[in-house]
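In this note's numbering, the protein residues as written are 197 to 460. Working notes for the structure below.
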Ligand SMILES: [Zn+2]
């Protein structure tokens, strides 16, 4: 899988003697979590994994050289059973996903590391990442953090409808890959589809409401797209990636320096 993580920030490029020499109680490790799943007719299966790595890699370029923050090899397979039925989707169960993160946390704790970030780029993993961040804290005493998506990206010019319901293979993911891997975007194969509208208030929504219905992509989005990619440009992709890289770098530095406050 292609990576934008600088070699000097790639944990798996170290040998064990180099790892042994790290200030392990202070070192912040970042585990990307993503997916290999259908992304419509125009984007590759690896879209979430590529976006995760692109944003994290650009963020790590902004970290001062003396600050020990490393990217672990990501978990490319996520809980993607909403996309089963579209050829190419490779999903793991919630139990498998959580067990892998738990076992990696055990390995890191056994190696003397104390600080771990779970950086997630796939909506189907979100609630599991929150669960595991707490469980690793409770079981191994790891100082764990969860980080999601593109903090700091302004997405200027993206409509309210697209911001709210363009969450799969829509304008933003398409713009990211037009910037990062344009050779993997088929701009002749765009389809668009919204599963709800912001201007039609409904009591039951697919996402982000106080009452949601559980959805499977095949029920609501025949092409696999939830959003509208047609306005995506590489220029916007680059701008938003760099904004998000700054936002992610700032949060990683805050996690590196974090000390919990008691009873403020
Ligand atoms: Zn995606």
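From the three backbone atoms N, C-alpha and C, an ideal C-beta is built for every residue, glycine too.
Quiz item: In three-state DSSP terms, what is residue 271?
Solution: strand
Quiz item: Taking the Cβ atom as the reference point for each residue, do residue 307 and residue 220 lie within a distance shorter than 8 Å?
Solution: yes
Exercise. Return yes when the C-beta of residue 369 is under 7 Å from any heavy atom of ligand 1, and no when it is not.
Key: Yes.
Quiz prompt | Supposed close pair residue 200, residue 253 - CB separation, criterion 8 Å | solution = Rounded to the nearest angstrom, the Cβ distance from residue 200 to residue 253 is 3 Å, consistent with a contact under 8 Å.
Quiz item: Taking Cβ positions, are residue 285 and residue 314 nearer each other than 8 Å?
Solution: no
Quiz item: Rounded to a whole number of angstroms, what is the C-alpha to C-alpha distance between residue 394 and residue 355?
Solution: 10 Å
Exercise. Taking residue 247 as the reference, give the member of 454, 452, 441, 451 with the closest Cα.
Key: 441
Self-check item: Short Cβ contact (8 Å threshold) for residue 293 with residue 275
Solution: yes
Practice problem: To the nearest angstrom, report how far apart residue 391 and residue 413 are at their CA atoms. | Solution: 10 Å
Practice problem: Decide if residue 214 is buried, meaning its Cβ has at least 16 other Cβ atoms within 10 Å, or exposed. | Solution: Exposed is the call here.
Quiz item: Measuring CB to CB, does residue 342 end up less than 8 Å from residue 329?
Solution: yes
Self-check item: Terminal residues of the beta strand (DSSP E) in which residue 435 lies
Solution: Premise fails: residue 435 lies in the alpha helix (DSSP H), 430-453, not in any beta strand (DSSP E).
Practice problem: Have a look at residue 301 and residue 380 and give me their C-alpha separation to the nearest angstrom. | Solution: 33 Å
Self-check item: For residue 389, the three-state DSSP class (helix, strand or coil)
Solution: strand
Quiz item: Roughly how many angstroms lie between the CA atoms of residue 407 and residue 258, to the nearest whole one?
Solution: 40 Å
Practice problem: Leaving aside the five residues before and after residue 353 along the sequence, list all residues of the same chain whose C-beta is less than 8 Å from its C-beta, in chain order. | Solution: 427, 432
Quiz item: Secondary structure at residue 303, three-state DSSP: helix, strand or coil?
Solution: helix
Quiz item: Of all the options 434, 387, 400, 242, which has the alpha carbon lying nearest to the alpha carbon of residue 417?
Solution: 387
Quiz item: When every heavy atom of ligand 1 is checked, does at least one fall within less than 7 Å of the C-beta of residue 243?
Solution: Checking the Cβ of residue 243 against ligand 1 gives yes.
Practice problem: State the Cα-Cα distance for the pair residue 359 and residue 405, rounded to the nearest angstrom. | Solution: 15 Å
Exercise. Consult DSSP for residue 248 and reduce its assignment to one of helix, strand or coil.
Key: Secondary structure of residue 248 (DSSP, three-state): helix.
Quiz item: Counting along the chain, where does the beta strand (DSSP E) carrying residue 376 start and finish?
Solution: Unbroken run through residue 376 is the alpha helix (DSSP H), 367-376; no beta strand (DSSP E).
Quiz item: Are residue 237 and residue 446 close, meaning C-beta to C-beta below 8 Å?
Solution: no
Quiz item: Using the C-alpha atoms, what's the distance from residue 331 back to residue 297?
Solution: 10 Å
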